[in-house]
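A.B. asks:
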Amino acid sequence: MSSKASEFDLVISGVGGQGTILASDIIGRSAVLEGKGVRAAETHGMAQRGGSVVNHVRIGCELGSMIPLKGADCLLALEPVEALRYIEFLADDGVIIMNTESVYPVTVTTGKAPYPSVDSIVEKLKETHRVIAFNATEMAAKAGSRQAMNVVLVGAVSNFLPVKTETLLERVKEMVPPKTIDTNVKAFETGRSMVE
Amino acid sequence: MSTREYMLGNVAIARGIVEGGGKVISGYPGTPSSEIVDTLSAMKERDFYVEWSVNEKVAMEVAAGAAMTGVRSVVTMKHVGLNVAADPLMTLAYMGVKGGMIIIVADDPACHSSQNEQDTRKYSEFSLMPCLDPSTPQEAKDMIPYAFELSEKFEIPVIFRPTTRISHGKSEIELGAITDHKAEAKFEKDTSRWVMVPANAVIRHPHLLGIQEGIMEELENSPWNELTINENSKIGVIASGLASVYAKEAMENLGLEASFLKIGAYPVPEGLIKKMYEQCDTVLVIEELEPIVEDRCKVIAKDIESPVKILGKTGGYVPRISELNTDKCTKAIGDAFGIEVDVPEIAEPELELPPRPPALCAGCSHRATYHAMLKVFGKRAVFPSDIGCYTLGVQNGTVDTTLCMGGSITVASGIYDAGEKQPICCSIGDSTFFHTGINGLLNAVYNKSNITITILDNRITAMTGHQPNPGMGLTSTGEPTKEIDMELLCRGLGAEFVETVDPYDVKATEEVFKRAKDFEGPAVVITRQACVIHARRAGVRRIPFQVDTEKCIGCRMCVNLGCPAIEFDKETKKAHINAMCTGCGLCSATCKFDAIVEVQK
Ligand code: SF4
Ligand code: SF4
Numbered sequence: 001m002s003s004k005a006s007e008f009d010l011v012i013s014g015v016g017g018q019g020t021i022l023a024s025d026i027i028g029r030s031a032v033l034e035g036k037g038v039r040a041a042e043t044h045g046m047a048q049r050g051g052s053v054v055n056h057v058r059i060g061c062e063l064g065s066m067i068p069l070k071g072a073d074c075l076l077a078l079e080p081v082e083a084l085r086y087i088e089f090l091a092d093d094g095v096i097i098m099n100t101e102s103v104y105p106v107t108v109t110t111g112k113a114p115y116p117s118v119d120s121i122v123e124k125l126k127e128t129h130r131v132i133a134f135n136a137t138e139m140a141a142k143a144g145s146r147q148a149m150n151v152v153l154v155g156a157v158s159n160f161l162p163v164k165t166e167t168l169l170e171r172v173k174e175m176v177p178p179k180t181i182d183t184n185v186k187a188f189e190t191g192r193s194m195v196e
Numbered sequence: 001m002s003t004r005e006y007m008l009g010n011v012a013i014a015r016g017i018v019e020g021g022g023k024v025i026s027g028y029p030g031t032p033s034s035e036i037v038d039t040l041s042a043m044k045e046r047d048f049y050v051e052w053s054v055n056e057k058v059a060m061e062v063a064a065g066a067a068m069t070g071v072r073s074v075v076t077m078k079h080v081g082l083n084v085a086a087d088p089l090m091t092l093a094y095m096g097v098k099g100g101m102i103i104i105v106a107d108d109p110a111c112h113s114s115q116n117e118q119d120t121r122k123y124s125e126f127s128l129m130p131c132l133d134p135s136t137p138q139e140a141k142d143m144i145p146y147a148f149e150l151s152e153k154f155e156i157p158v159i160f161r162p163t164t165r166i167s168h169g170k171s172e173i174e175l176g177a178i179t180d181h182k183a184e185a186k187f188e189k190d191t192s193r194w195v196m197v198p199a200n201a202v203i204r205h206p207h208l209l210g211i212q213e214g215i216m217e218e219l220e221n222s223p224w225n226e227l228t229i230n231e232n233s234k235i236g237v238i239a240s241g242l243a244s245v246y247a248k249e250a251m252e253n254l255g256l257e258a259s260f261l262k263i264g265a266y267p268v269p270e271g272l273i274k275k276m277y278e279q280c281d282t283v284l285v286i287e288e289l290e291p292i293v294e295d296r297c298k299v300i301a302k303d304i305e306s307p308v309k310i311l312g313k314t315g316g317y318v319p320r321i322s323e324l325n326t327d328k329c330t331k332a333i334g335d336a337f338g339i340e341v342d343v344p345e346i347a348e349p350e351l352e353l354p355p356r357p358p359a360l361c362a363g364c365s366h367r368a369t370y371h372a373m374l375k376v377f378g379k380r381a382v383f384p385s386d387i388g389c390y391t392l393g394v395q396n397g398t399v400d401t402t403l404c405m406g407g408s409i410t411v412a413s414g415i416y417d418a419g420e421k422q423p424i425c426c427s428i429g430d431s432t433f434f435h436t437g438i439n440g441l442l443n444a445v446y447n448k449s450n451i452t453i454t455i456l457d458n459r460i461t462a463m464t465g466h467q468p469n470p471g472m473g474l475t476s477t478g479e480p481t482k483e484i485d486m487e488l489l490c491r492g493l494g495a496e497f498v499e500t501v502d503p504y505d506v507k508a509t510e511e512v513f514k515r516a517k518d519f520e521g522p523a524v525v526i527t528r529q530a531c532v533i534h535a536r537r538a539g540v541r542r543i544p545f546q547v548d549t550e551k552c553i554g555c556r557m558c559v560n561l562g563c564p565a566i567e568f569d570k571e572t573k574k575a576h577i578n579a580m581c582t583g584c585g586l587c588s589a590t591c592k593f594d595a596i597v598e599v600q601k
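Here it is as structure tokens:
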């Protein structure tokens with residue numbers, strides 16, 4: 001149930017420093033290279049010091065960058081709690097792709113707030129949506145670097161995007177540090193294979 | 001040449017400055033405006049001058065000086081920065097410019113990273129400078145060359161006001177040609193113009209009022225305003241800047257038949273508004289923050305005795321706080337015109353989500369400084385602070401006030417002057433001290449405030465994205481320059497107690513704070529340690545720490561430091577240090593049981 005103003009709406013959520021901006025850039029640039037209009041909004045500043053961050057990417061859109069509530073086709077969450085935090089943007093028939101590796105906020109490490117179990121988060125999300133959940137951080141580590149977790153998830157979401165896989169993969173090669181190209185290509189492919 | 005590139009709004013604005021032939025660009029960092037100067041100063045080939053100035057007033061005056069010589073100049077800042085530069089702004093409107101000058105002020109509706117949500121369009125009304133208000137990053141780029149021309153035509157600076165969603169929005173941008181405009185700097189003496197003594201000011205004020213009509217006519221016919229009349233409908237929507245794309249999406253989703261006026265330039269296009277009134281009996285005005293267009297619309301209706309009904313913030317259809325979005329616009333349009341809107345039902349999540357506020361990075365030296373400060377001064381002491389990463393110390397209990405840039409030393413003085421009996425220890429960053437903290441210290445010395453002033457010198461302007469400042473010995477383009485000696489500067493301002501310490505050395509830092517606390521009069525403590533993010537990028541690596549689980553008794557002292565690298569393992573009831581550790585050693589110094597030790601290779 002995408003909005004009329006856009007072909008595909010994607011919300012990317014995570015924690016400052018996890019690489020949400022790179023993930024959204026790979027997708028945004030790929031779509032532009034395929035001749036589509038793209039509007040994206042990202043979080044800078046305060047929230048980056050480990051705070052909660054959310055990026056919007058609208059493919060085939062000529063208007064504003066902010067996705068309406070229940071407007072997104074897909075929610076890509078780099079952290080479990082950050083999937084639940086932004087669920088209101090996802091359409092009822094939208095799909096959630098999430099990393100199951102938690103990053104505890106200081107409110108949790110200092111004992112001021114509890115962190116719900118990852119299983120309970122997945123269960124909760126499954127009640128209403130299609131959920132594809134796996135530990136992308138571990139998969140990235142296997143591919144060569146935990147840092148490549150965001151690219152694993154871009155690989156997974158590539159199954160849904162109205163953008164060619166080759167275009168995305170080319171952007172990955174272009175946009176990651178040259179020394180890490182092999183790791184990132186492997187990360188992308190493992191992620192892609194997580195969705196049947 | 002026609003190319004499309006995917007870029008950040010601020011990068012597109014920087015491109016607009018290059019396309020428009022900007023020759024002198026100055027600014028002070030502030031989210032969401034900082035990437036404009038960052039982009040320009042990172043360019044390898046440059047035929048313009050670019051600087052980070054020490055504050056917005058200084059930056060404004062640098063750009064004004066350049067424009068007096070006939071070249072094109074730009075100054076950038078965020079909305080609250082314009083308050084600092086308001087003094088030159090108001091008189092610069094009288095004086096005007098020769099070369100085109102653009103004052104870029106990024107607004108931040110919803111306070112994504114700001115202390116208030118003031119609306120810069122008010123300064124445009126107040127100063128009588130025209131203002132451009134882009135609705136997309138593309139428009140933002142395209143408006144810049146236009147703004148230079150407009151500024152030159154009327155010899156007045158033009159305010160350009162992107163908002164967070166423009167500055168930090170991304171889209172494909174159609175690049176334009178780079179102008180061959182090549183004005184050479186030549187200052188022409190003209191005291192009646194450049195010397196604002198009262199006799200000249202009283203002449204320039206009517207001049208400023210006199211050019212308003214010409215500016216209005218020019219803008220009315222500019223491409224930034226767009227009227228679409230719908231003859232089948234008696235209702236109309238007027239939306240300005242970014243709100244216009246939200247309003248358009250809302251109208252499309254609702255399938256609404258209405259006339260639509262998009263406004264992208266101020267003063268507002270009165271002729272187009274009147275045309276809309278001829279077609280409509282009810283008009284809804286949608287704009288972010290203040291009802292600027294709405295109020296003008298009402299005045300115009302009254303002047304021409306039009307029976308049209310104007311809705312907007314009045315009547316409560318459009319909120320006056322925070323940013324707008326398509327949902328809010330859909331609701332406003334629905335309510336105003338009695339259309340039924342399906343509001344998506346959002347179920348409250350049953351699981352309790354832990355808040356995830358931003359925190360000082362693992363190993364940030366500010367945490368160490370604050371830890372020592374709290375230990376020496378005690379919880380009941382008063383801790384005025386300022387604006388920067390160190391404001392995040394609010395979670396450590398050492399940030400009691402944050403008013404504005406440079407407001408910590410002065411607020412501390414005021415609290416002391418009022419007769420507060422508790423010790424007072426304020427904190428300010430290096431960049432902020434250079435910004436407007438210097439005046440505060442001067443005042444504290446002169447007026448004998450018995451306070452401790454901590455300058456958290458992390459050798460960079462970290463919060464806004466690591467811009468250089470006068471303490472670093474580097475200019476915006478990375479050229480070596482004079483490194484300002486902070487200690488000497490403080491002594492020059494008259495401070496007699498000035499000591500520098502490495503905050504990673506916990507014992508030494510506590511000792512310095514004790515001496516400062518006992519000192520009669522203003523005492524300055526400079527805690528100097530490079531920002532860890534910047535240090536790591538520069539290749540600094542320290543040995544990380546780990547918890548010796550044999551020795552750890554689970555007292556939580558280390559966990560309470562609030563470092564993202566220290567977790568508490570609920571099962572084993574012991575502390576655990578994760579991969580984020582940067583090896584600052586603060587936790588090790590905190591643990592009374594010597595349970596935190598360096599990782600052995
Ligand atoms: S960016 Fe630097 S100064 Fe800011 S919190 Fe992180 S380490 Fe501290
Ligand atoms: S301070 Fe020492 S003993 Fe206490 S929890 Fe931390 S490591 Fe364990």
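These protein sequences, in sequence, are chains A and B. Counting from 1, position 124 in the first sequence corresponds to residue 124 in the UniProt record's numbering; the numbering is continuous, with no gaps. Counting from 1, position 150 in the second sequence corresponds to residue 150 in the UniProt record's numbering; the numbering is continuous, with no gaps. C-beta: ideal position from N, C-alpha, C; glycine also.
What residues come near ligand 1, if near means a beta carbon less than 5 angstroms from any of its heavy atoms?
C.D. replies: Taken from the N-terminal end onward, the list reads B/Leu360, B/Cys361, B/Cys364, B/Cys389, B/Asn458, B/Ala462, B/Cys531, B/Val532, B/Ile533.
A.B. asks: For ligand 2, is there any heavy atom lying closer than 8 angstroms to the beta carbon of residue 624 of chain B?
C.D. replies: Absent from the model: residue 624 of chain B. The displayed extent of chain B is 1 to 601, so no value can be given.
A.B. asks: On the CB-based measure, 16 or more other CB atoms within 10 Å of its CB, does valine 177 of chain B come out buried or exposed?
C.D. replies: Working through the second sequence from its first residue, we reach residue 177 of chain B at position 177. The sequence as given places alanine at residue 177 of chain B; valine does not occur at that position. Exposed, by the Cβ-count rule.
A.B. asks: Quick check: is any heavy atom of ligand 2 less than 8 angstroms from the C-beta of residue 602 of chain B?
C.D. replies: What is shown of chain B runs 1 to 601, which leaves residue 602 of chain B out entirely.
A.B. asks: What are the start and end residues of each continuous alpha helix (DSSP H) run of 4 or more residues lying completely inside the UniProt domain "4Fe-4S ferredoxin-type" (573-601) of chain B, in chain order?
C.D. replies: Counting only runs of 4 or more, we get 586-590.
A.B. asks: Using C-beta distances below 6 angstroms, list every residue in its chain close to leucine 63 of chain A, excluding the 5 sequence neighbours before and after it, in chain order.
C.D. replies: Position 63 of the first sequence, counted from the first residue, corresponds to residue 63 of chain A. Excluding residues within five positions, the ones whose Cβ falls inside 6 angstroms are Ala5.
A.B. asks: So, at 6 angstroms on beta carbons, what are the nonlocal neighbours of glycine 17 of chain A in its own chain, with the 5 sequence-adjacent residues on each side left out?
C.D. replies: Counted from its first residue, the first sequence places residue 17 of chain A at position 17. No residues qualify anywhere along the chain.
A.B. asks: Expressed to the nearest angstrom, what Euclidean distance is found between the alpha-carbon atoms of alanine 418 of chain B and phenylalanine 383 of chain B?
C.D. replies: Taking the second sequence and counting its residues from 1, one reaches residue 418 of chain B at position 418. Taking the second sequence and counting its residues from 1, one reaches residue 383 of chain B at position 383. The straight-line gap from Cα to Cα measures roughly 15 angstroms.
A.B. asks: Going by DSSP, name the residue or residues bridged to threonine 452 of chain B.
C.D. replies: Against the second sequence, residue 452 of chain B aligns to sequence position 452. In the DSSP output, where bridge partners are listed per residue, threonine 452 of chain B has B/Cys425, B/Ala523.
A.B. asks: Less than 8 angstroms between the CB atoms is what I'm expecting for asparagine 99 of chain A and alanine 148 of chain A, so what's the real figure, rounded?
C.D. replies: Taking the first residue of the first sequence as 1, we reach residue 99 of chain A at position 99. Taking the first residue of the first sequence as 1, we reach residue 148 of chain A at position 148. Rounded, the Cβ-Cβ distance is 12 angstroms, inconsistent with contact.
A.B. asks: Count the other C-beta atoms from every protein chain shown that fall within 10 angstroms of the C-beta of lysine 232 of chain B, then say buried if there are 16 or more, exposed otherwise.
C.D. replies: Counted from its first residue, the second sequence places residue 232 of chain B at position 232. According to the sequence as given, residue 232 of chain B is asparagine; it is not lysine. Under this definition asparagine 232 of chain B is an exposed residue.
A.B. asks: Taking 8 angstroms as the line, does the beta carbon of lysine 592 of chain B fall inside it for any heavy atom of ligand 2?
C.D. replies: Here the question's residue 592 of chain B lines up with position 592 in the second sequence. Checking every heavy atom of ligand 2 against the Cβ of lysine 592 of chain B, one is found closer than 8 angstroms.
A.B. asks: Does the beta-carbon of alanine 595 of chain B, which I'm using as the reference point, lie nearer than 8 angstroms to any heavy atom of ligand 2?
C.D. replies: Within the second sequence, the letter at position 595 stands for residue 595 of chain B. Under cutoff, so the answer is yes.
A.B. asks: Beta-carbon within less than 7 angstroms of serine 52 of chain A's beta-carbon, same chain only, minus the 5 sequence neighbours each way: which residues are those?
C.D. replies: The residue you call residue 52 of chain A lines up with position 52 of the first sequence. Correct list, in chain order: Val15, Glu82, Arg85.
A.B. asks: Counting only beta-carbon separations shorter than 9 angstroms, does leucine 168 of chain A have a partner in chain B?
C.D. replies: The residue given as residue 168 of chain A occupies position 168 in the first sequence. Not one chain B Cβ lies under 9 angstroms of leucine 168 of chain A.
A.B. asks: Can you pull the chain A neighbours of asparagine 253 of chain B, defined as C-beta to C-beta under 9 angstroms?
C.D. replies: Taking the first residue of the second sequence as 1, we reach residue 253 of chain B at position 253. What asparagine 253 of chain B touches in chain A: Ser3, Lys4, Ala5, Pro68.
A.B. asks: So that I know if they touch, is there some Cβ in chain A lying closer than 9 angstroms to that of phenylalanine 568 of chain B?
C.D. replies: As a working note, residue 568 of chain B is residue 568 in the second sequence. Yes, its Cβ sits closer than 9 angstroms to a Cβ of chain A.
A.B. asks: So what's valine 122 of chain A in DSSP terms, helix, strand or just coil?
C.D. replies: Translated into positions along the first sequence, residue 122 of chain A becomes position 122. Helix.
A.B. asks: Contact criterion: CB-CB distance below 9 angstroms. Does valine 176 of chain A meet it with respect to chain B?
C.D. replies: As a working note, residue 176 of chain A is residue 176 in the first sequence. So, not an interface residue.
A.B. asks: Counting only C-beta atoms, is lysine 124 of chain A closer than 9 angstroms to chain B at any point?
C.D. replies: Within the first sequence, residue 124 of chain A is the residue found at index 124, counting from 1. Output row for lysine 124 of chain A: interface = yes.
A.B. asks: May I ask you to verify whether the stretch 374-390 of chain B touches the stretch 402-415 of chain B, counting CB pairs closer than 8 angstroms and requiring at least 3?
C.D. replies: Yes: the two stretches touch, three or more of their Cβ pairs being nearer than 8 angstroms.
A.B. asks: Could you spell out where the beta strand (DSSP E) holding leucine 10 of chain A opens and where it closes?
C.D. replies: The count along the first sequence starts at 1 and reaches residue 10 of chain A at position 10. Counting along the chain, the beta strand (DSSP E) containing leucine 10 of chain A begins and ends at 8-15.
A.B. asks: Could you pull the start and end residues of the alpha helix (DSSP H) that leucine 33 of chain A belongs to?
C.D. replies: The count along the first sequence starts at 1 and reaches residue 33 of chain A at position 33. Segment 20-33, the alpha helix (DSSP H) holding leucine 33 of chain A.
A.B. asks: Could you check if tyrosine 28 of chain B is buried or exposed, using at least 16 other CB atoms within 10 Å of its CB as the buried criterion?
C.D. replies: Residue 28 of chain B sits at position 28 when you count from the first residue of the second sequence. Buried: at least 16 other Cβ atoms inside 10 Å.
A.B. asks: Tell me which residue opens and which closes the alpha helix (DSSP H) that glycine 155 of chain A is part of.
C.D. replies: If you number the first sequence from 1, residue 155 of chain A lands on position 155. Per DSSP, glycine 155 of chain A belongs to the alpha helix (DSSP H) from 149-157.
A.B. asks: Using beta-carbon positions only, say whether proline 32 of chain B and proline 162 of chain B come within less than 9 angstroms of one another.
C.D. replies: Taking the second sequence and counting its residues from 1, one reaches residue 32 of chain B at position 32. Taking the second sequence and counting its residues from 1, one reaches residue 162 of chain B at position 162. Result yes, Cβ atoms of proline 32 of chain B and proline 162 of chain B sit closer than 9 angstroms.
A.B. asks: Please say whether glutamate 220 of chain B and glycine 271 of chain B have beta carbons closer to each other than 9 angstroms?
C.D. replies: In the second sequence, residue 271 of chain B corresponds to position 271, counting from 1. In the second sequence, residue 220 of chain B corresponds to position 220, counting from 1. Yes. Within cutoff.
A.B. asks: Would you mind sorting valine 105 of chain B into buried or exposed? The rule is 16 or more other CB atoms within 10 Å of its CB.
C.D. replies: Here residue 105 of chain B refers to the residue found at position 105 of the second sequence. With 16 or more Cβ atoms within 10 Å of its Cβ, valine 105 of chain B is classed as buried.
A.B. asks: Listed from N- to C-terminal order along the chain, which residues in the stretch 302-331 of chain B have their beta-carbon within a distance smaller than 8 angstroms of any beta-carbon of chain A?
C.D. replies: Of all residues in the stretch 302-331 of chain B, Asn325, Thr326, Asp327, Thr330 have a Cβ within less than 8 angstroms of some Cβ in chain A.
A.B. asks: Taking only runs of the beta strand (DSSP E) that begin and end inside the stretch 147-202 of chain B, which ones reach a length of at least 3 residues, in chain order?
C.D. replies: Listed in chain order, the complete beta strand (DSSP E) runs (minimum 3 residues) inside the stretch 147-202 of chain B are 158-160, 169-174.
A.B. asks: Quick one: give me the first and last residue of the alpha helix (DSSP H) that methionine 216 of chain B is part of.
C.D. replies: Walking along the second sequence from the start, residue 216 of chain B turns up at place 216. That run of the alpha helix (DSSP H) goes 212-220.
A.B. asks: Starting from leucine 311 of chain B, trace the alpha helix (DSSP H) both ways and give me its first and last residue.
C.D. replies: One-based indexing of the second sequence puts residue 311 of chain B at position 311. That residue, leucine 311 of chain B, is in no alpha helix (DSSP H); its beta strand (DSSP E) goes 309-311.
A.B. asks: 9 angstroms is my cut-off, CB to CB: does threonine 109 of chain A come that close to chain B?
C.D. replies: The residue you call residue 109 of chain A lines up with position 109 of the first sequence. Threonine 109 of chain A counts as touching chain B.
A.B. asks: State yes or no: is the C-beta of valine 95 of chain A nearer than 8 angstroms to some heavy atom of ligand 2?
C.D. replies: Counting from 1 along the first sequence, the entry for residue 95 of chain A is found at position 95. Checking the Cβ of valine 95 of chain A against ligand 2 gives no.
A.B. asks: Is DSSP giving proline 145 of chain B helix, strand or coil here?
C.D. replies: The count along the second sequence starts at 1 and reaches residue 145 of chain B at position 145. Helix.
A.B. asks: Would asparagine 116 of chain B pass as an interface residue toward chain A - the criterion being a Cβ-Cβ separation below 9 angstroms?
C.D. replies: The count along the second sequence starts at 1 and reaches residue 116 of chain B at position 116. No, asparagine 116 of chain B lies away from the interface with chain A (no Cβ there is under 9 angstroms from its Cβ).
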